[in-house]
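Q: Residue numbers (my numbering), protein chains in the order written: chain A, 9 to 219; chain B, 9 to 219. In this text, a Cβ means the ideal position worked out from N, Cα and C, and glycines have one as well. None of the values given here were measured: they were computed from a predicted structure. A single structure is presented below for examination.
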Ligand SMILES: [Zn+2]
Ligand SMILES: [Zn+2]
Ligand SMILES: [Zn+2]
Ligand SMILES: [Zn+2]
């Protein structure tokens with residue numbers, strides 16, 4: 009994996025526990041939950057520098073294209089539009105499709121947490137996640153999926169049949185699974201793994217997740 | 009609505025019936041269903057010209073960015089990434105994220121059908137679809153949604169509260185609704201408007217629709 013724009017690979021150095029889902033922001037303070045503080049705290053000078061490097065047009069906001077330019081996956085490709093849109097939308101307090109420096113500080117930490125999670129699961133350090141690695145990752149995140157479903161997840165991301173997914177695909181897949189799981193869980197009140205759902209509710213969930 | 013790159017607004021001239029969903033490719037020969045013929049028929053010379061104008065890099069394939077450049081909605085904005093990705097993915101036989109001229113001929117006709125559908129429903133010719141127009145459109149497509157759901161559909165596309173959606177948002181919304189409806193319908197065997205669904209199946213549907 010390579011990072012342009014100064015994203016360090018090891019910012020956290022293992023300072024959190026064994027549960028990658030918590031590290032990835034699934035626990036307290038997960039996405040969408042925070043409100044801007046009344047007074048913005050000062051942003052770490054290192055992050056200020058990184059922000060300025062990424063904000064090529066110096067508008068004081070980072071857009072999807074700028075973020076894509078800054079992030080490169082293990083195939084040497086820029087992160088996908090989908091991945092950057094998804095992550096920006098999680099931290100863009102003003103809902104304008106771009107992040108300011110305060111949003112960016114949180115986004116930056118969030119991306120680094122994901123990179124660390126990815127690295128932990130990429131046991132052979134190939135820069136990709138293969139089927140067995142994805143199975144382990146999702147199991148450790150608390151999911152029990154069939155082998156067919158894991159294969160489907162990979163195939164969905166992998167039209168040329170490399171049988172692996174890149175870091176940006178991994179991040180998007182995990183975030184989408186987590187969101188749909190949350191939506192499912194609140195309706196699965198008896199924890200049966202089966203829900204009964206009406207048409208509009210179903211559509212509403214489905215559409216809310218698609219960008 | 010404005011079209012760059014020579015998309016005529018009126019190619020079809022009302023040559024189809026009253027049901028916009030059929031016009032929009034929901035009927036026979038809908039998306040994803042066709043296979044390439046063994047021998048490619050000749051492409052209409054007008055469409056060849058349009059193709060060459062859009063294919064700025066002359067690679068013989070139109071990518072998302074090129075299509076976005078060619079399509080402008082009633083706000084003067086280019087069609088969204090999401091809209092162009094979605095439409096390209098429907099006609100990209102080789103699953104490479106771009107269309108060749110044979111794919112493009114079908115894509116071009118498909119887009120023109122949608123533009124015509126949009127124009128029919130934009131009764132005040134504002135270039136946008138407002139709530140009452142969207143209600144009528146979806147009703148004519150055979151849906152019975154609550155007013156709250158229609159408002160949700162608009163709000164989802166309309167962060168700045170203009171209370172209207174643009175043509176590209178309309179196309180994406182209709183395609184997504186139609187796909188989720190198809191997925192719902194095959195599970196709603198008794199036509200009750202309610203289904204019982206397991207976790208993996210639910211996730212699979214939801215993920216398959218998100219790019
Ligand atoms: Zn910028
Ligand atoms: Zn690996
Ligand atoms: Zn091209
Ligand atoms: Zn209108």
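Pick out whichever of B:194, B:118, B:198 has its Cα sitting closest to the Cα of residue 97 (chain B).
A: If we check each option's Cα against that of residue 97 (chain B), B:118 comes out closest.
Q: Distance cutoff 8 Å, beta carbons only. Does residue 206 (chain A) sit that close to anything in chain B?
A: So, interface residue.
Q: Leaving out five residues before and five after residue 177 (chain B) in sequence, what residues of the same chain have Cβ atoms less than 6 Å from its Cβ?
A: Around residue 177 (chain B): 165.
Q: Hey, is residue 130 (chain B) close to ligand 4, as in C-beta under 7 Å from one of its heavy atoms?
A: Yes; taking the cut-off as 7 Å, the Cβ of residue 130 (chain B) has a heavy atom of ligand 4 nearer than that.
Q: Any heavy atom of ligand 3 closer than 7 Å to the CB of residue 61 (chain A)?
A: Every heavy atom of ligand 3 is 7 Å or more from the Cβ of residue 61 (chain A), so no.
Q: Kindly indicate which three-state DSSP category residue 202 (chain B) falls into: helix, strand or coil?
A: Residue 202 (chain B) falls in the strand class under three-state DSSP.
Q: For chain A, is any of its Cβ atoms less than 8 Å away from the one on residue 217 (chain B)?
A: Closer than 8 Å: yes.
Q: By the 8 Å beta-carbon criterion, what residues does the region 145-156 of chain B contribute toward chain A?
A: Under the 8 Å Cβ criterion, the region 145-156 of chain B contributes 153, 154.
Q: Using the Cβ count rule (16 or more neighbours within 10 Å means buried), how would you classify residue 198 (chain A)?
A: Exposed, by the Cβ-count rule.
Q: With 8 Å as the threshold, decide whether the Cβ of residue 34 (chain A) is near any Cβ in chain B.
A: Confidence is the limiting factor: at residue 34 (chain A) the pLDDT is only 33, short of 50, which leaves the residue's position unreliable, though a coordinate-based value still follows. No, its Cβ sits nowhere closer than 8 Å to a Cβ of chain B.
Q: Which chain A residues are close to residue 185 (chain B), counting only those with a beta carbon under 8 Å from its beta carbon?
A: What residue 185 (chain B) touches in chain A: 211, 215.
Q: Using the three-state DSSP reduction, which class does residue 168 (chain A) fall into: helix, strand or coil?
A: Three-state result, residue 168 (chain A): coil.
Q: Exposed or buried, residue 124 (chain B), counting other C-beta atoms within 10 Å across all chains shown (16 or more means buried)?
A: It is buried - the Cβ of residue 124 (chain B) has at least 16 other Cβ atoms within 10 Å.
Q: Whole angstroms are fine: how far does the CA of residue 158 (chain B) sit from the CA of residue 148 (chain B)?
A: Each residue's Cα considered, the two are about 14 Å apart.
Q: Do residue 139 (chain B) and residue 171 (chain B) have their beta-carbon atoms positioned less than 8 Å apart in this structure?
A: Closer than 8 Å, so yes.
Q: So, is the C-beta of residue 160 (chain A) closer than 8 Å to a C-beta in chain B?
A: True, the Cβ-Cβ gap to chain B drops below 8 Å.
Q: Around the C-beta of residue 84 (chain B), are 16 or more other C-beta atoms found within 10 angstroms, so that it is buried, or is it exposed?
A: Classification for residue 84 (chain B): exposed.
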